[in-house]
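Inspection log for the structure reproduced underneath, given as structure tokens.
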Amino acid sequence: MLRRVVLQTFRQGLAQSFFKRNAASLSESAVTQHPIETSEEAGAKSGSKQKNGDESGNTVVVAPPEFRFMYPEFLPDPTMERRNKLKEKLERMDMLQRRSIIEIPEFYTGSIMAVTVADSNSPNKFACFVGICIQRGGSGLQAWFILRNVVDRQGVEILYEMYCPLIQKIEVLRLERRLDESLLYLRDALPEYSTFPFEMEAERRLNNSVVPINPIKVKLRPRPWLERWERQNLQGVEDLNLPQRYYDRAKEVAKPWEKYDLMLQYRKTIPAEEQEKIYAEVHSQLQQQDLKRKIKRRRGPSSEQ
Amino acid sequence: MSTVGLLRTLFNPKLLPSNVTQLQSLNRSPFLLGFLSNHEQVRNMSRVKRRNTHPGYWLSLKNVQKKDDKISADNLRFMREVIQDKYKNKSPLKVSELQIEKTEWDPKTKRSGVIARNIGRQQMWDKDGNKIVCTVLHVLDNHVIRYIPPEEYVKTSRGAIHFKNKTPLGCLVVGAEATNPEKFTRQYCNLFAEVGLMPKKTLSRFIITPNAALPPCTPITAGHFLVGQAVDVYGKTVDHGFQGVVKRWGFKGGPASHGATKFHRRGGTIGTGRDKARVWPGTKMPGHMGSERRYNRGLMIMRINMKYNVIYVKGTVPGATNSIVRIFDTLLPLRKFKEAPPHPTYFPPEDGTQKEEDIWDSRLHVFGSPSISV
């Protein structure tokens, strides 16, 4: 069943330019360079989820461009030697099957999530963990994310594989992004930045279309650190207050030419045309699953009454 | 803590790699099962000739048509029309038209194997939540080309060597991956045209007992195997090129610091100096590593997808992704068939009642089923 899914005409130019910008270089630096603009454009793109306007005469299923941020694990590993279209297609089918059982919500690094997992050693047989997502990665069924929290003054990180059948529920308590794609520096930050209460409830978003970016600047503990944060161009960290020689050495060691290296970016990403095809294939099923869940949620409270 | 995650403290800096992949099977010895890492030294009989990388006896490189034939555009079009006509009329026989002898299966039967492509690895979970990494093998369009009965096969040079002091067995020639006839010589294409098939890129011989013989043009699909059976997979291992002694043989090398002068990844002593006073043949040294013909034996089939002709095999398989492998019923005695498999091969039922599209092993957690609760 083909449907026309198109962009709103008056925002078409903006959204297309965003799409193209991200098509060129989908690296983390490209996204973080324009954090505010993405949230504005997200407003435009939310409209593309509904049918609106008329693009051209062709009935082609096109997934909205924000799918590549909402479901990044559907894209395969870009290493050319290991790519095979049949295997990727079969893996996507399995992923959609799993998603029909459990809701794997949209989340980003910096979102606070609660994961419930079946655990034989737990008294209730279920273990729940709340934490901030500091990193996510993997592609296909190997997709994972790391949640971090501080429990009884001990920092705890847990890596969860998103498609593991032991996971009962993944809930996003606070959906937001941070200024960096990886928050590993929270390990060297003051513990208050990684502490979240286990009893935290899901926060309702006022504006569903925009994913807010939390511009918080985190304070790090004094050195020694686990990594050389001064060499990593972190946006979400307060002034490190290091002696000048650290910054000088960072400059010597830096690779400023990498941002001009198109082939490097090309090898790290899936081409935009392929991404479109992949998301078009997966789009209708994901939307159907989303709709079913919304209907269930609406019926749920009303049936209780 | 549950098996799902990793509990880490604030002070542990090490992170998991971003892709949880299993190491390729570095099967350095024909006798060793399972995979080794750089940390273990290879302790097989190194002075016994362990490998040969020369092309197999069956390979003849004259199949490929030379590409510098200067044909005009008109002639090329004509050639293509001729090819179309030739292969349009000669379509492969349907399964119902094949004359398949009904033979009995017994435990000593050797069935045909299958040519497949290793398309990657996928992880699945069992009913306890344990991760199982499986290799995905895509069974290509296998068709039987010819059956050579034992009396004839013994007379061939290879058959004579193989069955010197044994009872002779038959040989089934199977081809996979139909391609454009323009790429091959006329003689090669004729091998297949006799049977009514388009020329295949890959050919393979499978030694079978006469009761497992199949007529030419029989398709062999993923249904040839059963979920839960053990298979041996034959392939050419990943080519690592010229490698040093640490990677190739698992040597420890030398200290990284503490004043070690140019001795970090070297072999060290290569002889005693006293007895024999020479370097023994077979001494472990740097050299070419990989690209060897190997079997990974006893791999269990966890899942078969009949629609896409794909087999999921537990463990790893020799060779890189997208390389061709051959799959056989295992010869490990404790993992052989106890009941009859699809013999001589699987044929979809005539009345249209297909077997299920996706067959899972009973131990696996099916993705569409509810989450596991312990």
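In order, the protein sequences belong to chains A and B. Counting from 1, one number per residue, gives the positions in the first sequence under the UniProt record's numbering. Counting from 1, one number per residue, gives the positions in the second sequence under the UniProt record's numbering. All C-beta atoms, glycine included, are put in the ideal place defined by N, C-alpha and C. As the structure is a prediction and not an experimental result, all values here were calculated from the model.
Item: In chain order, what residues of the region 77-110 of chain A put their CB closer than 7 Å to some CB of chain B?; Value: D77, E81, R82, N84, L86, K87, L90, E91, D94, Q97, R98, S100, I101 and I102
Item: Along chain B, in chain order, which residues have C-beta atoms closer than 8 Å to that of D261 of chain A?; Value: In chain order: nothing, as chain B lies at least about 20 Å away.
Item: At a Cβ cut of 8 Å, what residues of the region 247-281 of chain B count as close to chain A, listed as they run along the chain?; Value: none
Item: Is there a Cβ of chain C sitting closer than 9 Å to that of E281 of chain A, yes or no?; Value: This model lacks chain C altogether, as its protein chains are A and B.
Item: Is N207 of chain A helix, strand or coil by DSSP?; Value: coil
Item: If you compare alpha carbons, which of B:D106, B:I145, B:A193 and B:I115 is closest to D85 of chain B?; Value: B:A193
Item: Spell out a yes or no on whether the region 245-262 of chain A and the region 224-231 of chain A are touching, meaning 3 or more CB-CB pairs, one atom from each, closer than 8 Å.; Value: yes
Item: Of all Cβ atoms in chain A, is any one closer than 9 Å to the Cβ of T221 of chain B?; Value: no
Item: Scan the region 62-130 of chain A and note each continuous beta strand (DSSP E) run of 3 residues or more that stays entirely inside, going in chain order.; Value: 112-118
Item: Classify R245 of chain A: buried if its beta carbon has 16 or more other beta carbons within 10 angstroms, exposed otherwise.; Value: exposed
Item: Cα-Cα, which of B:N211, B:T330, B:G170 and B:K88 is closest to I301 of chain B?; Value: B:T330
Item: Report buried or exposed for M124 of chain B, applying the criterion of at least 16 other Cβ atoms within 10 angstroms of its Cβ.; Value: buried
Item: Between C128 of chain A and chain B, is there a C-beta pair that is closer than 9 Å?; Value: no
Item: Quick one: what's V151 of chain A bridged to in DSSP?; Value: A:Q154
Item: What does a CB cutoff of less than 7 Å around V231 of chain B pick up in its chain, not counting 5 residues either side in sequence?; Value: F225, L299, I301, V313, I327, F328, D329 and T330
Item: Only counting the same chain, and skipping five residues up and downstream in sequence, which positions put a Cβ closer than 8 Å to that of I119 of chain B?; Value: V136, L137, H138, V310, T321 and N322
Item: Let me see if you follow: with CB-CB separation under 9 Å, is S29 of chain B close to chain A or not?; Value: The predicted model places S29 of chain B with a pLDDT of 40, which falls under 50 and marks its position as unreliable, so this point remains unresolved.
Item: Smallest Cα separation from K247 of chain B: which of B:A260, B:A212 and B:H288?; Value: B:H288
Item: Hey, out of B:R294, B:T283, B:Q354 and B:T209, whose CA is closest to T109 of chain B's CA?; Value: B:T209
Item: Less than 9 Å between CB atoms is the rule here; does Q123 of chain A satisfy it with respect to chain B?; Value: The sequence given here places Pro at residue 123 of chain A; Gln does not occur at that position. P123 of chain A does not count as touching chain B.
Item: Is the beta carbon of residue 310 of chain A less than 9 Å from the beta carbon of E227 of chain A?; Value: Nothing can be reported for residue 310 of chain A: it is not among the residues displayed for chain A, which extend from 1 to 305.
Item: Would you say A118 of chain A reaches chain B, if we count a Cβ-Cβ gap shorter than 9 Å as a contact?; Value: yes
Item: My understanding is that C189 of chain B touches H143 of chain B, with C-beta atoms under 8 Å, so please give their C-beta distance in whole angstroms.; Value: Contact flag wrong, Cβ pair sits at about 14 Å.
Item: Using a Cβ cut-off of 8 Å, pull out every chain B residue sitting near C164 of chain A, in sequence order please.; Value: V4, W125, G129 and K131
Item: Can you give me the C-alpha to C-alpha distance between D248 of chain A and T195 of chain A, rounded to a whole angstrom?; Value: 34 Å
Item: Take D358 of chain B as the anchor and find which of B:T221, B:K201, B:T283 and B:M306 has the nearest alpha-carbon.; Value: B:M306
Item: Pairing CB atoms from the region 178-187 of chain A with CB atoms from the region 105-125 of chain A, are three or more of them under 8 Å?; Value: yes
Item: Using only alpha-carbon positions, find the residue among B:A222, B:I115, B:E104 and B:V238 that is nearest to F347 of chain B.; Value: B:A222
Item: Counting only Cβ pairs nearer than 8 Å, list the residues of chain B close to residue 310 of chain A.; Value: There is simply no residue 310 of chain A to check, as chain A begins at 1 and stops at 305 in what is shown.
Item: So what's N180 of chain B in DSSP terms, helix, strand or just coil?; Value: coil
Item: Are the C-beta of H162 of chain B and some C-beta of chain A separated by less than 9 Å?; Value: no
Item: Quick one: does Q285 of chain A have its CB under 9 Å from some CB of chain B?; Value: no
Item: In chain A, what lies closer than 8 Å to G319 of chain B by C-beta?; Value: None at all; the shortest Cβ gap to chain A is about 12 Å.
Item: What's the C-alpha gap between N207 of chain A and L175 of chain A?; Value: 11 Å
Item: On the three-pair Cβ rule with 8 Å, is the region 128-146 of chain A touching the region 96-107 of chain B?; Value: no
Item: G290 of chain B and T237 of chain B look like a contact to me (Cβ under 8 Å); what is the Cβ gap, rounded to whole Å?; Value: 5 Å
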